[in-house]
Amino acid sequence: MGSEHEVPPQQQSIIQPYQNILYGKNQHKWSTKPQDPRTRTAARNVLHIVPGPAGMAKDLSQPKDLFYLFVEEEMIVVIVKYMNAEIDIKNNKYKTSKYTTTQTSANEMKAMLGLLIQSAGLNSNHLPTRTLFDTLRSVKTYKACMSAERFDFLLSCMRFDDRNTRQERWVSDRLAPIRYFWEQFIDNCRKWYKPSSYITVDEQLVGFRRRCPFRMYITNKPNKYGLKLIMVADSSTNYMCNAMPYMGKNTNTGNEPLANYFVKELSKPYYGLNRNITMDNWFTSVPLAAELLKPPYKLTVVGTL
């Protein structure tokens, strides 16, 4: 058709409010104009906290020493104890004992953790074991530590708790198999780092396809199957300061809305410390933002609605 018959696109109209103040259905007052820059800044909005290591972490520079602040020797001893109990059970199924199925030690467990961290650092943790241990296609560190068969066997035996009491604990805590290690590690993440003035609350789906009662399926995530973690991170360094797994309908929120529960629980270490929390529309609500301004929280919020 000729251009004379074309209909020009309608221009999007912009509504200009004629009032300085608008009221929502719940009588919440909204300003239609930005705050005058000459206005004195409220004390709660004056934030100038420098992020960085805290406590003993400030005096350490070697990666190994810093690693043991987060994964303590005692934590490794606990893993070795319960892994060896599992190894004994599996070893009894073999007619003859061999190195691949023998008990592990603290030193071997440290090597194992090192290989797992290296795999993640090199973005190769999705590769088959045979590829990782092939010196022509991968780094030689794996082969230098142990055989591929030993690596797979140790992974299959990795345990973090007493299997004799697991079922009893499982009734009230779906994270029971790893609860001890999880709590210790997250506590150390909080202990050895001071976040900046601005922190964020958001979710992350960690890819996981094995059996788990709170495994989720989210279509718009890169890993569609996995475990959803709600985390607090320092917006200036991306350091994870705190985290909680979302365990589905079994999450005990104490009659709080789920989003409010996670924000309050994860920000507990920063109550009264004048932090600002940035979060998306799933977490943000006007009542929550207003409540967090008050004691004992004294936290400000930037969020989408």
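Residues 10 to 314, numbered by the working numbering, are exactly what the sequence shown covers, in order.
Positions of the beta carbon are idealized from the N, C-alpha and C atoms, including for glycine.
Closest Cα partner of residue 280 within the set 265, 306, 85: Sequence index remark: in the sequence shown, residue 280 carries index 271 (1-based). Ranking the options by Cα distance to residue 280, first place goes to 306.
Counted within 10 angstroms of its Cβ, other Cβ atoms place residue 29 as buried (16 or more) or exposed: One-based indexing of the sequence shown puts residue 29 at position 20. A residue is called buried when at least 16 other Cβ atoms come within 10 angstroms of its Cβ; residue 29 does not meet this threshold and is exposed.
Reducing DSSP to helix, strand and coil, say where residue 10 ends up. Walking along the sequence shown from the start, residue 10 turns up at place 1. Note on residue 10: pLDDT 48, under 50, position unreliable in the model; the coordinate value appears next. If DSSP states are grouped into helix, strand and coil, residue 10 belongs with coil.
Exposed unless 16 or more other CB atoms sit within 10 angstroms - verdict on residue 309: Here residue 309 is taken as the residue at index 300 of the sequence shown, counted from 1. In this structure residue 309 is buried. Its beta-carbon is surrounded by 16 or more other beta-carbon atoms within 10 angstroms.
Is it buried or exposed, residue 302, if we count other Cβ atoms within 10 angstroms and call 16 or more buried? Residue 302 sits at position 293 when you count from the first residue of the sequence shown. Residue 302 counts as exposed, since fewer than 16 other C-beta atoms from the protein chains shown sit within 10 angstroms of its C-beta.
Find out if the Cβ-Cβ distance for the pair residue 243, residue 205 is shorter than 8 Å. In the sequence shown, counting from the first residue as 1, residue 243 sits at position 234. In the sequence shown, counting from the first residue as 1, residue 205 sits at position 196. Between residue 243 and residue 205, the C-beta spacing is below 8 Å.
Residue range of the alpha helix (DSSP H) that residue 130 falls in? Locating residue 130 in the sequence shown gives position 121, counting from the first residue. Per DSSP, residue 130 belongs to the alpha helix (DSSP H) from 115-130.
Inspect the beta-carbon positions of residue 167 and residue 84 and report whether they are closer than 8 Å. In the sequence shown, the residue the question calls residue 167 occupies position 158. In the sequence shown, the residue the question calls residue 84 occupies position 75. Contact check for residue 167 against residue 84 fails: the beta carbons are separated by 8 Å or more.
Ignore the nearest five residues each way along the sequence and tell me which others in residue 66's own chain have a CB closer than 8 Å to its CB. Position 57 of the sequence shown, counted from the first residue, corresponds to residue 66. For residue 66, where only same-chain residues beyond five positions count, the Cβ hits under 8 Å are 75, 78, 201, 202.
Nearest-angstrom beta carbon gap, residue 99 and residue 110 [assumed within contact, 8 Å]: Counting from 1 along the sequence shown, the entry for residue 110 is found at position 101. Counting from 1 along the sequence shown, the entry for residue 99 is found at position 90. Taking a contact as a CB-CB distance under 8 Å, the pair residue 110 and residue 99 counts as one, their CB atoms being some 7 Å apart.
Which residues bound the alpha helix (DSSP H) around residue 280? Along the sequence shown, one-based indexing puts residue 280 at 271. Neither: residue 280 is in no alpha helix (DSSP H) and is coded neither H nor E.
With DSSP collapsed to three states, give me the class of residue 89. As a position in the sequence shown, residue 89 is number 80, starting the count at 1. Of the three classes helix, strand and coil, the one that applies to residue 89 here is helix, per DSSP.
Mapping the DSSP letters down to three states, classify residue 182 as helix, strand or coil. Position 173 of the sequence shown, counting from 1, holds the residue named residue 182. DSSP, reduced to helix, strand and coil, places residue 182 outside both helices and strands of the structure shown, so it counts as coil.
Does DSSP classify residue 84 as helix, strand or coil? On the sequence shown, residue 84 is found 75 positions in, with the first residue counted as 1. In the structure shown, residue 84 falls within a helical segment according to DSSP collapsed to helix, strand and coil.
For residue 225, which three-state DSSP category applies? Indexing the sequence shown from 1 puts residue 225 at position 216. Strand, per DSSP.
Cutoff 7 Å; reference residue 311; Cβ partners in own chain excluding five residues on either side: As a working note, residue 311 is residue 302 in the sequence shown. Counting only Cβ-Cβ distances below 7 Å, and skipping sequence neighbours, we find 285, 287.
Measuring CB atoms only, is the segment 252-271 touching the segment 216-236, in the sense that at least three cross pairs come out at less than 8 Å? Short answer: they touch.
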